[in-house]
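Okay, structure first, notes after.
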Amino acid sequence: DAKTTQPNSMESNEEEPVHLPCNHSTISGTDYIHWYRQLPSQGPEYVIHGLTSNVNNRMASLAIAEDRKSSTLILHRATLRDAAVYYCILRDGSGSQGNLIFGKGTKLSVKP
Amino acid sequence: GAVVSQHPSRVICKSGTSVKIECRSLDFQATTMFWYRQFPKQSLMLMATSNEGSKATYEQGVEKDKFLINHASLTLSTLTVTSAHPEDSSFYICSAAIWDSRNQPQHFGDGTRLSIL
Chain A
475 DAKTTQPNSM ESNEEEPVHL PCNHSTISGT DYIHWYRQLP SQGPEYVIHG
525 LTSNVNNRMA SLAIAEDRKS STLILHRATL RDAAVYYCIL RDGSGSQGNL
575 IFGKGTKLSV KP
Chain B
26 GAVVSQHPSR VICKSGTSVK IECRSLDFQA TTMFWYRQFP KQSLMLMATS
76 NEGSKATYEQ GVEKDKFLIN HASLTLSTLT VTSAHPEDSS FYICSAAIWD
126 SRNQPQHFGD GTRLSIL
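Respectively, the protein sequence lines represent chains A and B.
Counting the first sequence from 1 gives a position; my numbering is that position plus 474.
Counting the second sequence from 1 gives a position; my numbering is that position plus 25.
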């Protein structure tokens with residue numbers, strides 16, 4: 475599976491936007507970019523995913539670089555409940571059923 | 026949205042006990058379920074992939090005789106930790122997916138914290 479690189483940690487202020495970067499320079503043409511987050515003592519939660527075009531949903535936006543070698547998860551207004559570890563994961567869309575391989579993720583802290 | 030229920034949420038038991046953890050997809054049929062393990066301050070590690078009606082596929086280094094997985098129906102998979110020892114203490118998490126939805130999200134349970142005394 476292609477690898478992703480994320481900063482270990484980031485800080486944000488409440489009600490400000492947060493941009494969480496992810497590098498995936500070895501991404502293949504069939505890899506989807508998935509984002510999950512994990513709150514303390516809970517299972518991961520799906521946030522968003524995309525292939526080439528930018529994506530928006532009620533939780534976040536995903537901005538994908540034109541060469542697809544990087545992407546950014548955007549939380550438009552951070553709340554205290556957004557404090558979590560955010561995982562950027564590539565998932566092969568053409569091969570097997572695509573089990574998720576979790577890296578270390580980015581630990582997001584949100585300050586009131 | 027799709028809901029996955031995991032039970033129990035916490036187990037504390039003596040060394041040598043076998044522990045069963047259930048993972049249910051409540052509002053969809055999960056042809057594939059995944060079992061993960063997470064040690065403190067570490068990321069999730071995939072243990073095994075389970076397809077309904079067939080034997081589970083275990084990741085390298087995971088003992089299939091120690092971690093028994095049964096996926097007898099489209100809505101239920103179980104993980105049994107046999108003869109658990111303190112080193113098996115961990116956070117166990119299941120997820121469920123619909124077959125051939127490789128581009129769709131996986132849906133995770135809330136995890137089971139297993140503590141072996």
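Even glycine gets a Cβ: it sits at the ideal position worked out from N, Cα and C.
Item: 8 Å Cβ cutoff, Phe133/B in contact with chain A; Value: yes
Item: 7 Å Cβ shell around Ser544/A - same chain, five flanking residues per side excluded; Value: Pro495, Cys496, Asn497, His498
Item: Supposed contact pair Gln512/A and Val559/A - C-beta distance, whole angstroms, cut 8 Å; Value: 5 Å
Item: Segment limits, beta strand (DSSP E) that includes Pro495/A; Value: 492-497
Item: CB contact below 8 Å: Lys578/A versus chain B; Value: yes
Item: The stretch 98-118 of chain B / the stretch 55-62 of chain B touching (three or more Cβ pairs under 8 Å); Value: yes
Item: Chain-ordered chain A contacts of Ile5/B [CB-CB under 7 Å]; Value: Limits of chain B in this structure are 26 at one end and 142 at the other, which puts residue 5/B out of reach.
Item: Assumed close pair Phe116/B, Gly136/B - CB separation to whole angstroms, cut-off 8 Å; Value: 5 Å
Item: Within-8 Å CB hit, Phe53/B to chain A; Value: no
Item: Contact the stretch 85-97 of chain B vs the stretch 65-76 of chain B: 3+ CB pairs below 8 Å; Value: yes
Item: One or two residues paired with Phe133/B in a DSSP bridge; Value: Ser120/B
Item: CA-to-CA distance, Asp113/B to Lys39/B, given in whole angstroms; Value: 12 Å
Item: Secondary structure of Arg555/A, DSSP reduced to three states; Value: helix
Item: Partner residues on chain B for Leu574/A, Cβ-Cβ distance less than 9 Å; Value: Phe59, Tyr61, Leu69, Leu71, Ser120, Gln131
Item: Assumed close pair Ala534/A, Leu549/A - CB separation to whole angstroms, cut-off 8 Å; Value: 5 Å
Item: Test: Thr42/B CB closer than 8 Å to a CB of chain A; Value: no
Item: Buried versus exposed, by CB contacts within 10 Å (16 or more), Phe576/A; Value: buried
Item: Interface flag, Tyr560/A vs chain B, CB-CB below 8 Å; Value: no
Item: Beta-carbon proximity of Ile130/B to Tyr506/A, cut-off 8 Å; Value: The question names Ile, yet the displayed sequence has Pro at residue 130/B. Contact: no.
Item: Residue interval of the beta strand (DSSP E) (run including Ser75/B); Value: 70-76
Item: Assigned exposure category for Val28/B - 16 Cβ within 10 Å defines buried; Value: exposed
Item: Start-to-end residues for the beta strand (DSSP E) that takes in Ser483/A; Value: 483-487
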